[in-house]
Amino acid sequence: MYRFVWRFFLLTILILTASCNMTGYHDLAQPVNRFGQFGIDASSFIRTTKTEHETGVECFTVSDIQASYGSCAWLSVVSDSQVIRAELRTGTYERNEQRIEISFEMQYNNQYSENATPSRNPGAVQYPISKSSPDCFAWDYDSLTNILEFGGHAYLCMDSVYDRVLSQSASDWPDRFIKLYILSTMSAHCRIEGFGGIGMLQYNGKHTLFQGLLDGTLEFCVDGLKQVTTRFIYTDHSDISGFVLNGEMRNISDMSGSGYMEGVVRFHVKSSAGRWQGTVDYSNMTITHTLASSGYYILSIDDGDYLVDYDYGNPDNFDFSELLDPDPACW
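So for the sequence shown, my numbering puts the first residue at 1395; every next one is plus one.
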């Protein structure tokens, strides 16, 4: 009976893999570049949102805040007690002093659900955005306050956000840095097609490079079938200005996607107040159905070690209101 079930499962996996390859997935054995890197002059701006049932954060990045045209990206992560939704759009912009026109060309979506299973969750997906005309928004940037008013909302420059974090008590740093760290990794994982679902099988035995929006790379690969090791290797990877990742973390799981995590990723933060660095250790984290489900991070900052609990269902995971004023329109 067991052999029959096992063979049936393998046959199902092979059929699903073939189906994935015929519906848009492609050979990823070679490095891919699906978006141009913005470069060292890029600036990211952030705002937080909060309602009765969920919290969220939006991050808008432009290749050069002083330039009249260039590349841009818009990242949104929203969390409630059941689901975390991540959406990333990339494209180009052209602006004058008062207005900005944005032509988003690609959208990436991923959804993390506590009750998801690999067979039901399609994983991260991407699709091109086609429209006849660009989106047009009012635009105003104050270089003295580092506040960008865009699309009717106020965004604060990440450089000022880091300064606010570092000006607080060191006991508040772990929660703040973990939120920034996870935001950066979710932006990266959003672009791994099939991540978190059955589509990850397309990476089995392959090493695929994904460029960071601003700099560096993320190397992603999957090895094994009965016991699967998923590797994330960051090399000077940066999706948000001033926040850079290096190192490797791994998921080791059975075929249902349940197991444990390991590895250490280093990060450094550059702000007007200086440069800080730290590490995130995954050795006490477990996963269920391919997603982190319980345990705690070991966060090291400024020669101090902190245990930061992982709480999947906490809507405050992406609540930055202690650093940013929530948008009044969201209350």
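Glycine included, C-beta positions come from ideal geometry on N, C-alpha and C.
Three-state class that DSSP yields for residue i in the structure shown
i	result
Phe-1398	Because Phe-1398 carries a pLDDT of 40, less than 50, the predicted location of this residue cannot be relied on, and the following value inherits that uncertainty. Here Phe-1398 sits in helix by DSSP.
Gln-1431	coil
Ser-1561	helix
Trp-1468	strand
Ser-1578	helix
Lys-1573	helix
Tyr-1704	coil
Pro-1522	strand
Leu-1717	coil
Phe-1712	helix
Leu-1595	helix
Ser-1537	coil
Ser-1497	strand
Asp-1696	coil
Ser-1554	helix
Gly-1418	Annotation note: pLDDT 35 at Gly-1418 (below 50); position unreliable, no value reported.
Burial state of residue i, where buried means 16 or more other Cβ atoms lie within 10 Å
i	result
Ser-1462	exposed
Pro-1568	buried
Leu-1701	exposed
Asp-1630	exposed
Gly-1636	buried
Asn-1491	Per the sequence shown, residue 1491 should be read as Glu rather than Asn. Burial call: exposed.
Leu-1538	exposed
Ser-1561	exposed
Met-1416	Residue placement at Met-1416 is poorly supported in this model, since its pLDDT is 31, which falls under 50; the coordinates still yield a value, given next. Exposed, since its Cβ has fewer than 16 Cβ neighbours within 10 Å.
Thr-1455	buried
Thr-1445	exposed
Ser-1581	buried
Ser-1665	buried
Arg-1493	exposed
Asp-1553	buried
Gly-1591	buried
Gly-1610	buried
Cutoff 8 Å; reference residue i; Cβ partners in own chain excluding five residues on either side
i	result
Glu-1656	Met-1643, Arg-1644, Ile-1646, Tyr-1676, Ser-1677
Arg-1489	Ser-1462, Tyr-1463, Glu-1495, Trp-1533
Asp-1752	The structure shown does not extend to residue 1752, since the chain spans only 1395 to 1725, so no value can be given for it.
Thr-1486	Tyr-1463, Gly-1464, Ser-1465, Cys-1466, Ile-1496, Ser-1497, Glu-1499
Lys-1620	Asp-1648, Met-1649
Ile-1681	Asn-1645, Ser-1647, Gly-1651, Ser-1652, Gly-1653, Tyr-1654, Met-1655, Ser-1687
Val-1477	Gln-1505, Tyr-1506, Ser-1507, Glu-1508
Asp-1699	Ile-1692, Leu-1693
Gly-1450	Thr-1442, Thr-1443, Lys-1444, Ser-1470, Val-1471, Val-1472, Ser-1473, Phe-1712
Leu-1718	Ile-1440, Arg-1441, Thr-1442, Leu-1550, Val-1555
Close Cβ partners of residue i (< 7 Å) along its chain, the five nearest in sequence each way excluded
i	result
Asp-1435	Ser-1457, Asp-1458
Tyr-1728	Because the chain is modelled from 1395 through 1725, residue 1728 falls outside the range shown and cannot be assessed.
Phe-1589	Asn-1504, Gly-1517, Ala-1518, His-1583
Ser-1715	Thr-1442, Lys-1444
Cys-1530	Arg-1493, Glu-1495
Leu-1574	Phe-1637
Phe-1432	Thr-1455, Ser-1457, Ser-1465, Leu-1607, Leu-1608
Ser-1578	Asp-1633, Ile-1634, Phe-1637, Leu-1639
Asp-1703	Tyr-1690
Residues near residue i in its chain [Cβ-Cβ closer than 6 Å; skip 5 each side]
i	result
Tyr-1502	Leu-1482, Gln-1520, Cys-1584, Arg-1585
Gly-1606	His-1631, Ser-1632, Asp-1633
Arg-1625	Cys-1615, Arg-1644
Val-1559	Arg-1570
Closer than 7 Å: residue i CB and nearest the ligand SAM heavy atom
i	result
Tyr-1628	By its list of ligands, the structure shown contains no ligand whatsoever, and the ligand SAM lies outside what it can speak to.
Any C-beta of chain D under 8 Å from that of residue i
i	result
Phe-1439	Any reference to chain D falls outside this structure, which holds one protein chain only.
- Query: Is the segment 1484-1501 touching the segment 1518-1532 in the sense that three or more CB pairs, one from each, lie closer than 8 Å?
  - Reply: yes
- Query: If we count Cβ pairs, one from each stretch, closer than 8 Å, do we get three or more for the segment 1686-1699 versus the segment 1585-1601?
  - Reply: Proximity of the segment 1686-1699 to the segment 1585-1601 falls short of the contact definition, fewer than three beta-carbon pairs being nearer than 8 Å.
- Any 3 or more C-beta pairs closer than 8 Å across the segment 1547-1563 and the segment 1435-1448: yes
- Task: Kindly provide the ranges of any beta strand (DSSP E) runs that are 3 or more residues long and lie completely inside the segment 1615-1687, ordered along the chain.
- Result: 1622-1634, 1637-1647, 1653-1665, 1668-1675, 1679-1682
- Query: Counting Cβ pairs, one atom from each stretch, are 3 or more of them under 8 Å apart for the segment 1656-1673 and the segment 1595-1607?
  - Reply: Three or more beta-carbon pairs separated by less than 8 Å are not found between the segment 1656-1673 and the segment 1595-1607, which leaves the two stretches without contact.
- Can you list the beta strand (DSSP E) stretches of 3 or more residues lying completely in the segment 1437-1483, in chain order? 1437-1444, 1449-1456, 1463-1473
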